[in-house]
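Report on one structure; see the data block that follows.
2 protein chains.
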Amino acid sequence: MNLKQLSELLDLSQTTISRALNGYPEVSERTRFKVVEAARKHGYKPNSNARKLATGRAGSIGYVLPVGRNVDLDPHFVEFLSGMGEHALSREVDLSLTPAPYEKESEAYRRIAASRSVDGVYLSSMRNDEQRIALVRGLGLPFLAHGRALAPADGYACVDIDNEGAFHAATRLLLQLGHKRLAYLNGDTDYAFAVHRLNGVTRAMSEYGLAAESLRHHSAAMNEENGYRLAMMMFRDSDPATRPTGVLSASMFTTLGIVRALNHLGLKMPDDVSVITHDDVFPFLKPESFSVPLTTTRSSIRAAGARICERLVDIITGVESEPVQEIWPVELIVRASTGPAPAEGKRAHGRAAEPAE
Amino acid sequence: MNLKQLSELLDLSQTTISRALNGYPEVSERTRFKVVEAARKHGYKPNSNARKLATGRAGSIGYVLPVGRNVDLDPHFVEFLSGMGEHALSREVDLSLTPAPYEKESEAYRRIAASRSVDGVYLSSMRNDEQRIALVRGLGLPFLAHGRALAPADGYACVDIDNEGAFHAATRLLLQLGHKRLAYLNGDTDYAFAVHRLNGVTRAMSEYGLAAESLRHHSAAMNEENGYRLAMMMFRDSDPATRPTGVLSASMFTTLGIVRALNHLGLKMPDDVSVITHDDVFPFLKPESFSVPLTTTRSSIRAAGARICERLVDIITGVESEPVQEIWPVELIVRASTGPAPAEGKRAHGRAAEPAE
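Going down the list, the sequences are from chains A and B. 1 is the number of the first residue of the first sequence in UniProt numbering; add one for each residue after it. 1 is the number of the first residue of the second sequence in UniProt numbering; add one for each residue after it.
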């Protein structure tokens, strides 16, 4: 049944029917109800769907949501969604989340492509050796990556931040301040961002003549618990002459744990330990909101969400035809958690340094 | 074009075509590509869609995602999504997020109902006077509420936690411990959960003969910054004989700020101030992970997400026909942040108490 037929059936103008089905407030609830019922009964697809059918589009962009008993979505995802949602609103598209455990991911992309329930997908949490790029390409699914895989490194559209540059700059600052014993509490190095960051750290170290092997590097899920556990391991009963004086941290949640460990051990920022943290800009927990405000590498994940939605829609509609690798610079914001390395002979704070107390 | 025709056209068995389109690994990538291309070209809708068309279902549940420059999604939403996704996976449904600013929310629900892009919706962040229930009911959209509005209070399906009971129990514990001057850093009281909790606090106070007016109550967004700001306001330059000794907090992020303020002012938990916090169970920041582990009211928001998905699918498929208001009890877990009220004559910690130091 088309609009004209429905209009005749209900004895209402085509304009009224369109308005009723598209949510305009001029139509009374009674009329709207009548129209919605009739449209459903007679299988009439209203304008938005008709337009979508005409253009061949679903009006939705897709994401395969990792799920599983041991899978924790990163809290920063809410900010990413906020950014994406703001832009999606302006382009009148929905976001469709298809849950899938890691081992059934390919199947999920295949189902999405086959059912044409979305017009394109974005990929995130890019891995070192990324299988999904070839997969979605083979399926003919328009896509954009949030982040970059280590391999394949070219030929696909992405938005990423300069993770290597950010951690290179952060490490260089610590080195300029005289720190020689560094630690990095990294995210999971199965993911490319963590490898990029590690490369930035070791590149800066090598520029200052320090061997990569001297870095205390730990790869773990980025939460408070791991931050605490790893910092305790590193600083408890440690010798002030050999323990790290400069610590890099992959996430604000990790740093909450590092700070708890330092407080517990009576070690001070920045006198005993300088700390630099990556900050995705998270309104619930800000780097200024630490007893000692944190020096950070900063890039808004909300802005990335908006940009990814914008470009994905451009890719779907053919506005963007050549794949662009868009890499955002990251700011290094200095606050009170960084300072000169403690002088070797200087009396250090902390229980470990003063066993006799 | 139907499956039989496509099978003849490609000279492939119907089984192979179904497998190719439904992501089974037995099919080679080359064959899959050929099938997907042909299906697209000839407008063949594969099984999952055919099934959905046959049952009249979209295979998707919807949520209107609040967006706007000043809108921050709560970080606990990632845990809710994880729970929802785990169950959605087992029922083979997707989650569809339709972004909308507050003032265009009704329009979004109307569009969802008209386009039949989802089979049902869940509502969250229920307000005191909730307009959405009548709206989605009028639109004939199956729905389930996460939380309960204050009005209308009956006749719709929901999953909620016993917010009033939780904060009644928390307050009663503080009163049993001898605390008489209480404060509550609440969430935004435009939302029903915050009013339910406040009712729990004042009901317990009245049972102990304390006037509701004596409660120091603040309603604000639940983040670290507000926790710090409000706690500083309450405890800085305050008289130890009149300042609160028992503090209730609506969220772990708020409590991070409270703890920072107490540390800053040299006030100790629980000697100077007892603190009880609501905990949605958040793997990135646990109540045990505070220098002084937190006493909490606890309920898993991830479990709520799974249950809401389960019941919404049951409502859509007609398994659940009568609207059930399912209210979950909340546990009160005692840790080190609560203790007896400081004796009036006892020397108190903190700068405010010792201006001469």
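Cβ coordinates follow ideal geometry from the N, Cα and C atoms, glycine included. Note that the structure is predicted; figures quoted are calculated from it, not measured.
Cβ of T297/B within 7 Å of any chain A Cβ: As a working note, residue 297/B is residue 297 in the second sequence. No, T297/B does not count as interfacial toward chain A.
Distance, F143/A Cα to R32/B Cα: Along the second sequence, read from residue 1 onward, the residue named residue 32/B stands at position 32. Along the first sequence, read from residue 1 onward, the residue named residue 143/A stands at position 143. Approximately 19 Å between the Cα atoms of the pair.
Kindly indicate if chain B contains any beta-carbon less than 7 Å away from that of residue 391/A. With chain A covering only 1 through 357, there is no way to say anything about residue 391/A.
Compile a chain-ordered list of the residues in the stretch 249 to 275 of chain A whose CB is closer than 8 Å to at least one CB of chain B. F253, L256, G257, R260, N263 and H264
Residue of V273/A, F282/A, G318/A and D314/A minimising C-alpha distance to A336/A: Within the first sequence, residue 336/A is the residue found at index 336, counting from 1. The residue with the shortest Cα to Cα distance from A336/A is V273/A.
Counting contacts by CB-CB distance shorter than 7 Å, is T245/B in contact with chain A? Here residue 245/B is taken as the residue at index 245 of the second sequence, counted from 1. Not an interface residue.
Can you tell me which of the three DSSP states T296/B falls into? For the purposes of this step, residue 296/B is taken as the residue at position 296 of the second sequence. If DSSP states are grouped into helix, strand and coil, T296/B belongs with the strands.
Does any residue of chain B bring its CB to less than 7 Å from the CB of L10/A? In the first sequence, residue 10/A corresponds to position 10, counting from 1. With its beta carbon at least 7 Å from every one in chain B, L10/A lies outside the interface.
Neighbourhood of Y63/B by C-beta distance below 8 Å, restricted to the same chain and skipping five residues each side: If you number the second sequence from 1, residue 63/B lands on position 63. Taken in chain order, the residues that qualify are L95, S96, L97, T98, V121, Y122 and S124.
Do V78/A and L73/B have their C-beta atoms closer together than 7 Å? Position 78 of the first sequence holds residue 78/A. Position 73 of the second sequence holds residue 73/B. Yes, Cβ-Cβ distance for V78/A and L73/B is below 7 Å.
Pull out every residue of the stretch 58 to 79 of chain A whose Cβ sits closer than 9 Å to any Cβ of chain B, in chain order. A58, G59, S60, G62, L65, P66, V67, G68, R69, V71, D72, L73, D74, P75, H76, F77, V78 and E79
Apply the 10 Å Cβ neighbour rule to Y156/B and answer buried if 16 or more other Cβ atoms are within range, or exposed otherwise. For the purposes of this step, residue 156/B is identified with residue 156 of the second sequence, where counting begins at 1. Label assigned to Y156/B: buried.
Among L267/B, A170/B, R302/B and V259/B, which one has its Cα closest to the Cα of S289/B? If you number the second sequence from 1, residue 289/B lands on position 289. Per the Cα distances, V259/B.
What does Y122/B touch in chain A if you count any residue whose Cβ is under 9 Å from its own? Position 122 of the second sequence, counting from 1, holds the residue named residue 122/B. What Y122/B touches in chain A: nothing, since even the nearest Cβ is about 13 Å away.
List, in order along the chain, the chain B residues whose C-beta lies closer than 7 Å to that of V36/A? Along the first sequence, one-based indexing puts residue 36/A at 36. Simply A113, A114, L139 and G140.
Who are the neighbours of A88/A on chain D, taking C-beta pairs under 9 Å? No chain D appears in the structure shown, which is made up of the protein chains A and B.
For D11/B, count neighbouring C-beta atoms within 10 Å of its own C-beta (all shown protein chains included) and say buried if the count is 16 or more, exposed if not. Along the second sequence, read from residue 1 onward, the residue named residue 11/B stands at position 11. Classification of D11/B: exposed, given that the 10 Å Cβ count is below 16.
Just to make sure I have the definition right: I need the residues of chain B whose C-beta is within less than 8 Å of the C-beta of D237/A. Which are they? Against the first sequence, residue 237/A aligns to sequence position 237. In chain order: nothing, as chain B lies at least about 19 Å away.
For G187/B, would you say it is in contact with chain A, using Cβ-to-Cβ distances shorter than 7 Å as the test? Along the second sequence, one-based indexing puts residue 187/B at 187. No, no contact with chain A.
Among H179/B, R91/B and L312/B, which one has its Cα closest to the Cα of L248/B? As a working note, residue 248/B is residue 248 in the second sequence. Checked all of H179/B, R91/B and L312/B; the closest Cα to L248/B is H179/B.
Return no unless some Cβ of chain A is closer than 7 Å to the Cβ of L3/B. As a working mapping, residue 3/B is identified with position 3 in the second sequence. Not closer than 7 Å to any Cβ of chain A, the Cβ of L3/B fails to qualify, so no.
Proximal chain B residues relative to P283/A, where beta-carbon distance stays under 7 Å: Numbered from 1 along the first sequence, position 283 holds the residue referred to as residue 283/A. Residues of chain B passing the Cβ test: D72 and N223.
Is it the case that the Cβ atoms of L128/B and A192/B are separated by a distance below 7 Å? Walking along the second sequence from the start, residue 128/B turns up at place 128. Walking along the second sequence from the start, residue 192/B turns up at place 192. The sequence shown places Asn at residue 128/B, not Leu. Yes, these two residues count as a Cβ contact at 7 Å.
How many angstroms separate the CA atom of V71/A from the CA atom of M233/A? Within the first sequence, residue 71/A is the residue found at index 71, counting from 1. Within the first sequence, residue 233/A is the residue found at index 233, counting from 1. Looking at the two C-alpha atoms, the distance is approximately 25 Å.
With a threshold of 7 Å on Cβ separation, who are the neighbours of A303/B within its own chain once the five nearest residues in sequence on each side are excluded? Reading the second sequence from its first residue, position 303 is the one you call residue 303/B. Cβ neighbours of A303/B beyond the five flanking positions: G83.
Can you confirm whether D94/A, when its beta carbon is compared against all beta carbons of chain B, has any partner nearer than 7 Å? Taking the first sequence and counting its residues from 1, the one referred to as residue 94/A is at position 94. D94/A counts as touching chain B.
Closest by C-alpha distance to E130/A, when choosing among H146/A, E310/A and R116/A: One-based indexing of the first sequence puts residue 130/A at position 130. In terms of Cα proximity to E130/A, the closest of H146/A, E310/A and R116/A is H146/A.
State yes or no: is the beta carbon of L21/A nearer than 7 Å to at least one beta carbon in chain B? Indexing the first sequence from 1 puts residue 21/A at position 21. So yes, L21/A belongs to the interface.
List, in chain order, every chain B residue whose beta-carbon is nearer than 8 Å to that of Y156/A. Numbered from its first residue, the first sequence carries residue 156/A at position 156. Within chain B, no residue comes near Y156/A; the closest Cβ sits about 18 Å away, beyond 8 Å.
How is the alpha helix (DSSP H) around Y191/B delimited, first residue to last? Mapped onto the second sequence, residue 191/B falls at position 191. For Y191/B, no alpha helix (DSSP H) segment is defined, and its DSSP state is neither H nor E.
For L230/B and E320/A, what's the separation of their Cα atoms in angstroms? For the purposes of this step, residue 230/B is identified with residue 230 of the second sequence, where counting begins at 1. For the purposes of this step, residue 320/A is identified with residue 320 of the first sequence, where counting begins at 1. Roughly 48 Å separates the two Cα atoms.
Mark V334/B as exposed unless 16 or more other C-beta atoms lie within 10 angstroms of its C-beta, in which case mark it buried. Residue 334/B sits at position 334 when you count from the first residue of the second sequence. Exposed, since its Cβ has fewer than 16 Cβ neighbours within 10 Å.
Nearest neighbour of Q330/A, chosen from R298/A, T16/A and D314/A [CA to CA]: Taking the first residue of the first sequence as 1, we reach residue 330/A at position 330. Checking the sequence, you will find Val at residue 330/A rather than Gln. For the residues R298/A, T16/A and D314/A, the minimum Cα distance to V330/A belongs to R298/A.
Select from N263/A, R30/A, D271/A and T296/A the residue whose C-alpha is nearest the C-alpha of residue 359/A. Beyond the ends of chain A as shown, which are 1 and 357, falls residue 359/A; an answer cannot be given.
Just curious, the alpha helix (DSSP H) that Q14/B is in, first and last residue? If you number the second sequence from 1, residue 14/B lands on position 14. Taken as a continuous stretch (DSSP letters only), the alpha helix (DSSP H) holding Q14/B covers Q14 to L21.
Within 10 Å of its beta-carbon, does E8/A have 16 or more other beta-carbons around it, so buried, or fewer, so exposed? To locate residue 8/A, count along the first sequence from 1; it is residue 8. Burial call: exposed.
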